[in-house]
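To start, the structure under review is shown below, and the notes come after it.
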Amino acid sequence: MSSVISHITPKNSLAKHLTILQTIVAIESKVELILSDITKKTDPEFITYILNIVENLVSSKFTQNEKTEIVLQFLRKHFEISESELNTILQIIHFAYDNKQVKKISNIKKVFYSIFDIGKSKLAK
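Under the UniProt record's numbering, the final residue of the sequence shown carries the number 125; numbering is consecutive throughout.
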């Protein structure tokens, strides 16, 4: 019975919502240590880092506005954000996109990193 259930996947808006939630969880695990520093919420480097994580986790079907909304959801979940801070964050996001600071990692690099990680884990044993 459980093998049948594992093949049932969400579709359309439910799949998109699930992707957003999984992306936020992935960001949380990646920036866990940085989150303790509350001053980072309007740091351009921190926001660009989160943007790059989102860019490489979600599919290219997501628009820039949807990716921005994922970043904002993440920041709202972890920080109290005032209206002026929100405007600052949005300016940082637009600056990062306009100046091509948000980059997708190529598939070749992803394959290389995967092979490298497998080799590293085998050497550790």
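Cβ atoms here follow ideal geometry from the backbone N, Cα and C, with glycine treated the same way.
Note that this is a predicted model, so its numbers are computed, not measured.
Expressed to the nearest angstrom, what Euclidean distance is found between the alpha-carbon atoms of L86 and G119?
Counted from its first residue, the sequence shown places residue 86 at position 86. Counted from its first residue, the sequence shown places residue 119 at position 119. Approximately 43 Å, taken between the alpha carbons.
Using DSSP with H/G/I as helix, E/B as strand and the rest coil, what is T88?
The residue labelled residue 88 in the question sits at position 88 within the sequence shown. Of the three classes helix, strand and coil, the one that applies to T88 here is helix, per DSSP.
Output the distance between the C-alpha atoms of T68 and K110, rounded to the nearest integer angstrom.
One-based indexing of the sequence shown puts residue 68 at position 68. One-based indexing of the sequence shown puts residue 110 at position 110. The alpha-carbon atoms of T68 and K110 are separated by roughly 23 Å.
Looking at the unbroken alpha helix (DSSP H) that takes in V54, where does it start and where does it end?
Taking the sequence shown and counting its residues from 1, the one referred to as residue 54 is at position 54. It spans 44-57 - the alpha helix (DSSP H) in which V54 sits, taken as one unbroken run.
Tell me the rounded alpha-carbon separation between N107 and I81.
As a working note, residue 107 is residue 107 in the sequence shown. As a working note, residue 81 is residue 81 in the sequence shown. Taking the straight line from one Cα to the other gives about 35 Å.
So what does DSSP say about S82, is it helix, strand or coil?
Within the sequence shown, residue 82 is the residue found at index 82, counting from 1. Note: S82 maps to coil in three-state DSSP.
Please tell me whether S82 has its Cβ less than 8 Å away from any Cβ of chain D.
Any reference to chain D falls outside this structure, which holds one protein chain only.
Have a look at Q73 and I105 and give me their C-alpha separation to the nearest angstrom.
Translated into positions along the sequence shown, residue 73 becomes position 73. Translated into positions along the sequence shown, residue 105 becomes position 105. When rounded, the distance between both Cα atoms is 23 Å.
Using C-beta distances below 7 Å, list every residue in its chain close to Y97, excluding the 5 sequence neighbours before and after it, in chain order.
Your numbering for residue 97 matches position 97 in the sequence shown. Q64.
Measure the alpha-carbon distance for I53 versus S114 and round it to whole angstroms.
The residue labelled residue 53 in the question sits at position 53 within the sequence shown. The residue labelled residue 114 in the question sits at position 114 within the sequence shown. One C-alpha to the other measures close to 17 Å.
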